[in-house]
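Just so you know, we're using this note's numbering here: the sequence shown kicks off at 25 and counts up by one. Even for Gly, the Cβ is constructed at its ideal location relative to N, Cα and C.
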Amino acid sequence: MIKDTAFYTINVNSLKKEVEMEVSGTFTPEKAGAFIEEYTNKVNTINAADFTLRLDCRSLDVVTQQQIPELEKCYALYHESGFKKVVFEIHNNSIVKMQLNRLARKAGLTNVEISEV
Numbered sequence: 025m026i027k028d029t030a031f032y033t034i035n036v037n038s039l040k041k042e043v044e045m046e047v048s049g050t051f052t053p054e055k056a057g058a059f060i061e062e063y064t065n066k067v068n069t070i071n072a073a074d075f076t077l078r079l080d081c082r083s084l085d086v087v088t089q090q091q092i093p094e095l096e097k098c099y100a101l102y103h104e105s106g107f108k109k110v111v112f113e114i115h116n117n118s119i120v121k122m123q124l125n126r127l128a129r130k131a132g133l134t135n136v137e138i139s140e141v
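The following block contains the structure:
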C-alpha cells in the first residue's frame, strides 16, 4: 500500500508564459486523480503552445512500480497539452533523472529538459 505524502501546487504565470508546478512526496492513485483534474482545469484556460511547463520535482521521491501508471497518465497529459517546452527541475539524483527521462520517452515527449538545480 502506498502512503500518501503527496503535495502539489499549480500556478499559471501569464507574465512569464509558464505553468509552474511543484510536486513532492509519494502520490496515491486518488491524489494523482485530483492532481490531473486540477491540472486540466488550469491548462484549459491558456494556449499551452505559448507556454513552458516548469515542474519543480526537487522533493519528488523515487518512483515506485505502483506509481508508474499514474505518472504515465500525467506525462501523456503534458504531451497532449502541447506545451512549447517541458522542464523538470530535480536535485542531482541519477535515479529520478533516469525515471523521468524514461517516462518522457514512453509518452512521446520530445521537448523535455531535465535541469539539475
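Going by DSSP in three states, residue i sits in which element: helix, strand or coil?
{"i": "Asn37", "result": "strand"}
{"i": "Val110", "result": "strand"}
{"i": "Leu59", "result": "According to the sequence provided, residue 59 is Phe. The question's Leu does not apply to it. Of the three classes helix, strand and coil, the one that applies to Phe59 here is helix, per DSSP."}
{"i": "Thr76", "result": "strand"}
{"i": "Leu84", "result": "strand"}
{"i": "Val67", "result": "helix"}
{"i": "Val141", "result": "coil"}
Please confirm whether residue i and residue j have their CB atoms less than 8 Å apart.
{"i": "Ile145", "j": "Lys55", "result": "As shown, the chain starts at 25 and ends at 141. That puts residue 145 outside it, with no answer to give."}
{"i": "Leu84", "j": "Val120", "result": "yes"}
{"i": "Leu133", "j": "His103", "result": "yes"}
When burial is assigned at 16 or more other CB atoms within 10 Å of the CB, is residue i buried or exposed?
{"i": "Val43", "result": "buried"}
Hey, does residue i have any beta-carbon neighbour from chain C nearer than 8 Å?
{"i": "Arg78", "result": "This model lacks chain C altogether; it includes just one protein chain."}
Taking one C-beta from the stretch 43-54 and one from the stretch 78-97 each time, how about it: are there three or more such pairs within less than 8 Å? Under the three-pair Cβ rule at 8 Å, the stretch 43-54 counts as touching the stretch 78-97.
Taking contact to mean at least 3 C-beta pairs separated by less than 8 Å, is the stretch 103-115 in contact with the stretch 69-88? yes
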